[in-house]
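Structure, as structure tokens:
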């Protein structure tokens, strides 16, 4: 098998998902509220009329029409995927040949690099400045030097929560010849977007998801927004029937009940602000500013905090194997009860 595997796959480190069963999950940036409970009767009624012997709508047209209405753009500007992960892979497969460069900032979402390596491209990670702010000028310099095909910008960034200023994104677009992908997976917790520029810049692609704020991580629905000319290229690569009928149905229902989601987003933002305030009062805890539904903290006691949380059934995200994130913990904002349990455990370590 060693002689048969592609060389770039042999060098690849897989994306590892923790397998421990925890009663409180604050490690995956999910919405802590199961909003499905409030519309499940309507979902059951909808699926009773599905024809499972038929393939789903290959282009998710009804779902795209609802998304287009929310964003005040045309359906033709949208592509839906089996999670944003699939769309990231579609973008790389569309634009990146072997040995061509893809640039990301570091630290950020690791799947940009992984899909680049799978495609045989070269992933260049531009390290962030102090306090994890994105080095815009260094990204531009490296992109032009290496004739980079695609630049990925996660905004707000995962796992740091740091926001990239709009003018910084426009500077990268205007100062390079690369496809610029802005991943807005956590947009709803910020309400600041660059989608209004997709028809102005043909090289701009914006990624969104229903996994986070919309509490549909289990349904795996991501979408991209771009210029129609760019979309025509991406649709050449998109697999047929890539979103099943159940995911399309639940996605449409949740978009039709957006007021329900909006109310819970406000709860999460309130809990986030309360958590940040509590962390600031703790000894030896450094708190990084966040515009998302998670908070990155740093502490000399990080290993003890993670271990104690695990002993008590609470999952948080540690980074012991990542140099730039040593002693850091990423904590997803949970319900008030979950957050209080977490704070009580942390106080036992740091105080």
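Residue numbers (my numbering): 65 to 415.
Glycine included, C-beta positions come from ideal geometry on N, C-alpha and C.
This structure is a prediction, so every number in the text was calculated from the model and none was measured.
Original post:
In three-state terms, what does DSSP make of residue 161?
Top reply: Residue mapping note: residue 161 aligns to position 97 of the chain shown, counting from 1. It is coil, neither helix nor strand.
Original post:
Looking at the structure shown, is residue 287 part of a helix, part of a strand, or coil, going by DSSP?
Top reply: As a first step, residue 287 must be located in the chain shown, where it is residue number 223. Looking at residue 287 - three-state DSSP - the assignment turns out to be strand.
Original post:
What residue range is occupied by the uninterrupted beta strand (DSSP E) comprising residue 189?
Top reply: Residue mapping note: residue 189 aligns to position 125 of the chain shown, counting from 1. 186-191 is the extent of the beta strand (DSSP E) around residue 189.
**OP:** Can you give me the Cβ contacts of residue 132 inside the same chain, cut-off strictly under 8 angstroms, excluding the 5 residues immediately before and after it?
**Re:** One-based indexing of the chain shown puts residue 132 at position 68. The residues are 138, 139, 141 and 142.
Original post:
Going by other Cβ atoms of all chains shown within 10 Å of its Cβ, with 16 needed for buried, is residue 78 buried or exposed?
Top reply: In the chain shown, the residue the question calls residue 78 occupies position 14. Exposed, by the Cβ-count rule.
Subject >> Continuous beta strand (DSSP E) stretch holding residue 88: start and end >> reply: Looking up residue 88 in the chain shown gives position 24. Where residue 88 is concerned, the enclosing beta strand (DSSP E) stretches over 88-90.
**OP:** Decide yes or no for the touch test of the segment 151-163 against the segment 212-229: beta carbon pairs closer than 8 angstroms, at least 3 of them.
**Re:** Touching, yes.
**OP:** On a CA-only basis, which of 123, 102 and 384 is nearest residue 304? Give me that one, please.
**Re:** Taking the first residue of the chain shown as 1, we reach residue 304 at position 240. Selected option, being the one with the closest Cα: 123.
Subject >> residue 383 versus residue 117 - alpha carbon distance >> reply: If you number the chain shown from 1, residue 383 lands on position 319. If you number the chain shown from 1, residue 117 lands on position 53. Residue 117 has its alpha-carbon roughly 45 angstroms from the corresponding atom of residue 383.
**OP:** State the beta-bridge partners of residue 169 as determined by DSSP.
**Re:** For the purposes of this step, residue 169 is identified with residue 105 of the chain shown, where counting begins at 1. Residue 169 pairs with 190.
Original post:
What do you get for residue 229, buried or exposed, if any count of 16 or more other CB atoms within 10 angstroms of its CB means buried?
Top reply: Counting from one through the chain shown, the residue named residue 229 turns up at place 165. Counting Cβ neighbours within 10 Å, residue 229 comes out exposed, since fewer than 16 surround it.
Original post:
Do the CB positions of residue 42 and residue 249 come within less than 8 angstroms of each other?
Top reply: No answer is possible for residue 42: it lies beyond the span of the chain, which begins at 65 and ends at 415.
Original post:
Do you know whose CA, among 150, 415 and 180, lies nearest residue 163's CA?
Top reply: The count along the chain shown starts at 1 and reaches residue 163 at position 99. Measuring C-alpha to C-alpha distances from residue 163 to each of 150, 415 and 180 identifies 180 as the nearest.
Original post:
What residue range is occupied by the uninterrupted beta strand (DSSP E) comprising residue 198?
Top reply: Working through the chain shown from its first residue, we reach residue 198 at position 134. Where residue 198 is concerned, there is no enclosing beta strand (DSSP E), because DSSP gives it neither an H nor an E.
Subject >> Element boundaries [alpha helix (DSSP H), containing residue 407] >> reply: As a working mapping, residue 407 is identified with position 343 in the chain shown. Boundaries of the alpha helix (DSSP H) harbouring residue 407: 400-414, taken from the DSSP string.
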